[in-house]
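Sequential numbering from 776 applies to the sequence shown in this note's numbering.
Yeah, the Cβ is synthetic: ideal placement off N, Cα and C, and Gly gets one too.
Before any comments, here is the structure.
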Amino acid sequence: MNFDQLTGRTRTHLTWSDKLEIFIHPPVENDLVGLKNKAWENGFDLQVASGFRDFQRQKLIWNEKAQGKRPVLGRGSSVGFDLAKKILTWSALPGASRHHWGTDFDLYCLNSLPLDYKLKLTPEEFGPGGVLSSFGKWLQENLKDFDFFCPYQEDKGGVLPEPWHLAHGPSSVKFMESYTLPIFEKNLQESDLELSEHLLKNGPKLYKNYFKNISLNPWNLNSIS
Ligand SMILES: [Zn+2]
């Protein structure tokens, strides 16, 4: 994996999937199709809300949140480095999003939603009594059969839990292994982001807490530090 692939600046690691109608990292396609088919057999119309997202798209989201043009959820105050950390609990740093790889997806179930429902992807939707609660439960029970896991399963003090976000284990781990601290810092230096003066001073801390800090999984047992 090269720098541009790891940081979402190219699509050379992706292919268009006619079956899924998304760009995807090729080794992932069969497993995601398998998961979707199994879901259908079990009564769930599994859909991808968000798959590959490029650097520019993530940068736009980041800068709008930093400038107060988009709401910022999460804990902490809203100035300087605290604002950066607050954004990071919900939105990845541009160039360091798992969505750059074509191995990670935000999923939902179309036929669980009322007509004209606007999907938000929130803990409430997937929690007890939420519209996607039974789909979320099904997902957790079936993801392993297709080599997926949930990298944000529980609150580990970095990214808040995202039960809708699935990662393909064998593929995403290869991207993670290639994504070293020097790559993380080079990305920060070349990104020209809002709040970059705070980000550049805190590279190692951000790398550890918001990038490497994912849930335990069978493919990456020692990623937790
Ligand atoms: Zn996601």
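Item to check | CB-CB length for S853 against K861, believed under 8 Å | outcome: Sequence index remark: in the sequence shown, residue 853 carries index 78 (1-based). Sequence index remark: in the sequence shown, residue 861 carries index 86 (1-based). Confirmed, about 6 Å.
Checklist entry - To the nearest whole angstrom, what separates the beta carbons of E878 and F950, a pair I think is in contact under 8 Å? => result In the sequence shown, counting from the first residue as 1, residue 878 sits at position 103. In the sequence shown, counting from the first residue as 1, residue 950 sits at position 175. Correcting the residue type first, residue 878 is Thr in the shown sequence and not Glu. That belief holds up - the Cβ atoms of T878 and F950 are roughly 6 Å apart, short of 8 Å.
Next on the checklist: Tell me whether F856, by its Cβ, gets closer than 8 Å to a heavy atom of ligand 1.
Outcome noted: As a position in the sequence shown, residue 856 is number 81, starting the count at 1. Checking every heavy atom of ligand 1 against the Cβ of F856, none is found closer than 8 Å.
Next on the checklist: Please tell me whether Y883 and L821 are closer than 9 Å, where the distance is taken between their beta carbons.
Outcome noted: For this step, residue 883 is matched to residue 108 along the sequence shown. For this step, residue 821 is matched to residue 46 along the sequence shown. Against a cut-off of 9 Å, the Cβ pair of L821 and Y883 comes out as a contact.
Checklist entry - Within 9 Å (strictly less), CB to CB, does G877 reach chain C? => result No chain C is part of this structure, which consists of one protein chain only.
Checklist entry - Just to confirm, are I958 and F778 a CB contact at a threshold of 9 Å? => result Numbered from 1 along the sequence shown, position 183 holds the residue referred to as residue 958. Numbered from 1 along the sequence shown, position 3 holds the residue referred to as residue 778. The answer is yes: Cβ separation under 9 Å.
Checklist entry - If we count the other Cβ atoms within 10 Å of its Cβ and call it buried at 16 or more, is W939 buried or exposed? => result Within the sequence shown, residue 939 is the residue found at index 164, counting from 1. By the 10 Å Cβ count, W939 comes out buried.
Next on the checklist: Using a Cβ distance threshold of 8 Å, determine whether the segment 903 to 920 contacts the segment 880 to 895, with at least three qualifying pairs required.
Outcome noted: yes
Next on the checklist: Give the residues whose C-beta lies closer than 5 Å to at least one heavy atom of ligand 1, in chain order.
Outcome noted: D881 and H940
Next on the checklist: Can you look up S953 in the DSSP assignment and give me helix, strand or coil?
Outcome noted: If you number the sequence shown from 1, residue 953 lands on position 178. DSSP places S953 in helix when its eight states are reduced to three.
Checklist entry - Quick one, are the C-beta atoms of H943 and D930 less than 9 Å apart? => result Position 168 of the sequence shown, counted from the first residue, corresponds to residue 943. Position 155 of the sequence shown, counted from the first residue, corresponds to residue 930. Not a contact, by the Cβ cut-off of 9 Å.
Next on the checklist: Tell me which residue opens and which closes the beta strand (DSSP E) that L858 is part of.
Outcome noted: Start at 1 with the first residue of the sequence shown, and residue 858 comes out as number 83. Not the beta strand (DSSP E): L858 falls in the alpha helix (DSSP H), residues G855 to L863.
Next on the checklist: Nearest by alpha-carbon distance to H800: which of R786, S866 and G809 is it?
Outcome noted: Within the sequence shown, residue 800 is the residue found at index 25, counting from 1. The shortest C-alpha separation from H800 is found at R786.
Item to check | Cβ-based neighbour list, R828, same chain, cut-off 8 Å, excluding 5 preceding and 5 following | outcome: Position 53 of the sequence shown, counted from the first residue, corresponds to residue 828. Contacts found: G783, S872, H874 and H875.
Item to check | Spatial neighbours of F798 in its chain, beta-carbon cut-off 8 Å, leaving aside the 5 residues before and after | outcome: In the sequence shown, residue 798 corresponds to position 23, counting from 1. Excluding residues within five positions, the ones whose Cβ falls inside 8 Å are R786, L789, T790, W791, S792, G826, F827 and G877.
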